[in-house]
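Visitor:
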Amino acid sequence: MITLLARSSAGIQFCAVHLRTKNVPSNLTSRCIVWPRLVVQDSVFLSAAKRHIHTSRPRFINPMIVAVLRPVSKFLAVIVGRSFRKWWQALPSNKKRLIIQHLRRNKGRYVFGSGVVGAATYYYYQSHTTTTLFTGRHRLMLFTPEQLLTLAQVQYETEREMYGDLTLPHNHPYSIQVKRVGLRLLRANKDIPQLYNKQWTISVIDLDVINCEVLPSGDIFMFRGMMDLMKNDDQVATVLAHEISHAILEHSGEHLSYGYLRDLLILVPLAIIWAFLPSDGIAAITHWFTNRVVKVCMQLPHSRTLEMEADTVGLRLAAKACFDIREASAFWGAMDIGTQHGEPPSWLSTHPSNADRQQLLDNLMDEAIAIRDSFKCPRLSQKDPRQEVKMMLALKDKLLKGELSPTHQKNVPVPVVSEGRGH
Ligand SMILES: [Zn+2]
Numbered sequence: 001m002i003t004l005l006a007r008s009s010a011g012i013q014f015c016a017v018h019l020r021t022k023n024v025p026s027n028l029t030s031r032c033i034v035w036p037r038l039v040v041q042d043s044v045f046l047s048a049a050k051r052h053i054h055t056s057r058p059r060f061i062n063p064m065i066v067a068v069l070r071p072v073s074k075f076l077a078v079i080v081g082r083s084f085r086k087w088w089q090a091l092p093s094n095k096k097r098l099i100i101q102h103l104r105r106n107k108g109r110y111v112f113g114s115g116v117v118g119a120a121t122y123y124y125y126q127s128h129t130t131t132t133l134f135t136g137r138h139r140l141m142l143f144t145p146e147q148l149l150t151l152a153q154v155q156y157e158t159e160r161e162m163y164g165d166l167t168l169p170h171n172h173p174y175s176i177q178v179k180r181v182g183l184r185l186l187r188a189n190k191d192i193p194q195l196y197n198k199q200w201t202i203s204v205i206d207l208d209v210i211n212c213e214v215l216p217s218g219d220i221f222m223f224r225g226m227m228d229l230m231k232n233d234d235q236v237a238t239v240l241a242h243e244i245s246h247a248i249l250e251h252s253g254e255h256l257s258y259g260y261l262r263d264l265l266i267l268v269p270l271a272i273i274w275a276f277l278p279s280d281g282i283a284a285i286t287h288w289f290t291n292r293v294v295k296v297c298m299q300l301p302h303s304r305t306l307e308m309e310a311d312t313v314g315l316r317l318a319a320k321a322c323f324d325i326r327e328a329s330a331f332w333g334a335m336d337i338g339t340q341h342g343e344p345p346s347w348l349s350t351h352p353s354n355a356d357r358q359q360l361l362d363n364l365m366d367e368a369i370a371i372r373d374s375f376k377c378p379r380l381s382q383k384d385p386r387q388e389v390k391m392m393l394a395l396k397d398k399l400l401k402g403e404l405s406p407t408h409q410k411n412v413p414v415p416v417v418s419e420g421r422g423h
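Under full-length UniProt numbering, the first residue of the sequence shown is numbered 1, with each subsequent residue one higher.
1) Have a look at the DSSP bridge pairing and note the partners of Ser-203.
2) Less than 9 Å between the beta carbons of Ile-248 and Leu-133, yes or no?
3) Examine ligand 1 and report whether any of its heavy atoms sits within less than 8 Å of the Cβ of Glu-254.
4) Rounded to a whole number of angstroms, what is the C-alpha to C-alpha distance between Thr-290 and Leu-380?
5) Mind checking whether the beta-carbon of His-138 lies closer than 8 Å to any heavy atom of ligand 1?
6) How big is the Cα-Cα spacing for Thr-339 and Ala-120?
7) Would you kindly check if the distance between the Cβ of Leu-264 and the Cβ of Ser-127 is under 9 Å?
8) Check Thr-21 in the structure and name its three-state DSSP category.
9) Tell me which residue opens and which closes the beta strand (DSSP E) that Glu-213 is part of.
10) Consider the C-beta atom of Glu-146 and the heavy atoms of ligand 1; say whether any pair is separated by less than 8 Å.
11) Under 8 Å, with one C-beta from each stretch per pair, do the stretch 69–85 and the stretch 249–268 reach the 3-pair mark?
12) Assign His-102 to one of two classes, buried (16 or more other C-beta atoms within 10 Å of its C-beta) or exposed (fewer than that).
13) Compute every distance between the C-beta of Ala-310 and the non-hydrogen atoms of ligand 1, then say whether any falls below 8 Å.
14) Taking the C-alpha atoms as reference points, what is the distance between Val-154 and Lys-390?
15) Does the beta-carbon distance from Tyr-174 to Val-214 come in below 9 Å?
16) Got a sec: does ligand 1 put a non-hydrogen atom nearer than 8 Å to the Cβ of Val-306?
17) So what's Thr-305 in DSSP terms, helix, strand or just coil?
18) In chain order, what residues of the same chain lie with their CB nearer than 7 Å to the CB of Asn-354, ignoring the 5 residues before and after it?
19) Mind checking whether Leu-360 and Thr-238 have CB atoms under 9 Å apart?
20) With 16 as the cutoff for other CB atoms within 10 Å, does Ser-30 come out buried or exposed?
21) Cα separation between Gln-358 and Arg-326?
22) What is the DSSP secondary structure of Leu-168, reduced to helix, strand or coil?
23) Under a three-way DSSP split, which group does Leu-277 fall into?
24) Kindly indicate which residue of Pro-145, Ile-202, Phe-223 and Gly-218 has the alpha-carbon position closest to the one of Val-209.
25) Mapping DSSP to helix, strand and coil, what is Thr-158?
26) Excluding the 5 residues flanking Thr-167 on each side, which residues of the same chain have their C-beta closer than 8 Å to its C-beta?
27) Would you say Glu-254 and Leu-306 are within 9 Å of each other, going by their C-beta atoms?
28) Give me the residue from Lys-320, Thr-286 and Tyr-258 with the minimum Cα distance to Ala-298.
29) Considering Cα atoms alone, identify which of Leu-149, Pro-344 and Asn-232 is closest to Ala-330.
30) Nearest to Arg-372 by CA position, among Lys-320, Lys-383, Lys-179 and Ala-67, is which residue?
31) Use the C-beta contact count for Trp-347: other C-beta atoms within 10 angstroms, 16 or more gives buried, fewer gives exposed.
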């Protein structure tokens with residue numbers, strides 16, 4: 001593990017404490033790189049801290065409690081719905097008639113009661129809405145940064161337990177590369193308080209997995225399989241800047257919040273399914289189908305939105321650090337060449353397709369190059385890395401359409417095998 005940043009005037013001492021809290025032996029503190037305390041201008045905070053004005057402080061939920069409540073509440077909805085059906089089926093017809101008459105007579109009251117519950121839910125939603133950094137997107141956030149950090153600490157311990165023995169040493173070329181690129185990204189973006197306030201670490205895990213992940217605390221786990229695919233520092237910066245963006249945009253908190261909201265919204269339909277469908281079998285199938293619909297129509301699109309947002313913000317972070325940001329598009333283009341035929345469509349995935357990511361980055365490229373120029377970075381090389389990838393993609397298209405002769409086919413690059421898209 002390499003600690004990239006420790007924010008403290010106490011310097012190395014604070015850094016050592018940080019390492020100890022993560023169960024890392026104190027003899028590793030020599031690996032600790034201290035990033036000097038920086039002066040951050042107030043004007044930068046203004047857009048970042050833009051939130052709705054609340055008359056009272058919103059109540060935030062403990063994420064641990066939510067983790068338990070989510071499956072329990074769904075189970076209860078099923079039990080309540082099913083019990084109602086059984087009770088109703090056993091009821092004599094004259095009593096059923098009386099209940100229906102009562103409901104008709106008091107229809108107004110029940111509609112009013114539902115309206116009050118709806119209004120309270122809407123108020124709760126609005127009072128927990130925040131605006132994302134940079135992109136200004138409104139989103140639900142049910143957890144405080146402190147709660148997310150507590151959760152991240154637990155996740156970190158779990159990941160360290162899983163990958164501790166597989167972590168590459170700090171003098172491994174991959175560790176040196178991620179450290180070099182990570183520091184350059186952090187230093188160039190020191191004006192972002194959400195980035196500056198975190199203690200970033202990167203662990204390179206010696207597994208042939210194409211993945212990179214980040215915790216809300218700023219702990220990044222890069223897998224060797226991913227490093228094997230990246231040709232240069234600029235491509236490593238693409239992936240690291242994407243992960244850094246996830247952390248500073250608090251995407252994990254947003255992901256949890258929407259999961260909680262979705263589960264809450266589905267409780268009543270689930271209870272209705274189990275209450276009014278004639279048998280357990282039909283109710284179970286409808287329940288399963290409803291879950292699939294919610295996943296495809298709500299969960300997956302939201303997840304892809306977060307990925308695209310991390311790509312967008314990550315490109316800006318890399319541009320400020322003077323990387324050749326065209327490599328971001330080239331990287332996803334090369335990944336697209338390696339995409340296996342017959343993979344599930346992107347609308348069934350948590351991540352956008354490699355081609356969609358390449359397209360997004362291409363669309364943002366002029367703006368990102370302008371940002372890069374405004375930071376007085378060295379001129380980009382004449383050779384655009386995207387051209388080579390475009391040629392390879394065109395060849396792949398022709399190959400798939402059967403338009404290439406056997407001689408040409410020998411020159412088509414062998415696709416990279418993709419093992420998943422957790423990045
Ligand atoms: Zn991601």
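Glycine is no exception: its CB is placed at the ideal position from the N, C-alpha and C atoms. None of the values given here were measured: they were computed from a predicted structure.
Guide: So, from the listed chains and residues:
1) Under DSSP, Ser-203 shares a beta bridge with Phe-221.
2) Closer than 9 Å, so yes.
3) Distance from the C-beta of Glu-254 to the nearest heavy atom of ligand 1 is not below 8 Å.
4) Going by C-alpha positions, Thr-290 is about 51 Å away from Leu-380.
5) No - ligand 1 has no heavy atom lying nearer than 8 Å to the Cβ of His-138.
6) Answer to the nearest angstrom: the Cα atoms are 47 Å apart.
7) Contact: no.
8) Residue placement at Thr-21 is flagged as unreliable, the pLDDT there being 36, under the threshold of 50; the coordinate-derived value follows with that caveat. In the structure shown, Thr-21 adopts helical secondary structure according to DSSP, grouped into three states.
9) Note, Glu-213: beta strand (DSSP E), 212–214.
10) In this structure, ligand 1 has no non-hydrogen atom nearer than 8 Å to the beta-carbon of Glu-146.
11) Three or more beta-carbon pairs separated by less than 8 Å link the stretch 69–85 to the stretch 249–268, which places the two stretches in contact.
12) His-102 counts as exposed, since fewer than 16 other beta carbons sit within 10 angstroms of its beta carbon.
13) Remark: the shortest separation between the CB of Ala-310 and any heavy atom of ligand 1 falls under 8 Å.
14) Their Cα atoms are separated by approximately 43 Å.
15) Between Tyr-174 and Val-214, the gap from beta carbon to beta carbon reaches 9 Å or more.
16) Here the sequence assigns Leu to residue 306, which means Val is not the residue at that position. Correct: Leu-306 has its Cβ closer than 8 Å to ligand 1.
17) In the structure shown, Thr-305 sits in a helix (DSSP, three-state: H, G or I).
18) Hits under 7 Å: Trp-332, Met-335, Asp-336 and Thr-339.
19) Taking 9 Å as the cut-off, the Cβ atoms of Leu-360 and Thr-238 do not count as close.
20) A caution first: Ser-30 carries a pLDDT of 31, below 50, which makes its placement in the model too unreliable to give a value.
21) As the crow flies, the alpha-carbon of Gln-358 is around 10 Å from that of Arg-326.
22) Three-state result, Leu-168: coil.
23) Coil.
24) Check the Cα spacing between Val-209 and each of Pro-145, Ile-202, Phe-223 and Gly-218: the tightest is with Phe-223.
25) Correct three-state label for Thr-158: helix.
26) Residues of the same chain with a CB within less than 8 Å of the CB of Thr-167, apart from the 5 flanking positions on each side, are Met-1, Ser-203, Val-204, Ile-205 and Asp-206 in chain order.
27) At the C-beta level, Glu-254 and Leu-306 come within 9 Å of one another.
28) Strictly speaking, residue 298 in this sequence is Met, with Ala absent from that position. By alpha-carbon distance to Met-298, the top candidate from Lys-320, Thr-286 and Tyr-258 is Tyr-258.
29) If we check each option's Cα against that of Ala-330, Asn-232 comes out closest.
30) Taking Arg-372 as reference, the option from Lys-320, Lys-383, Lys-179 and Ala-67 with the minimal CA-CA separation is Lys-320.
31) Trp-347 is classed as exposed because its beta carbon has fewer than 16 other beta carbons within 10 Å across all chains shown.
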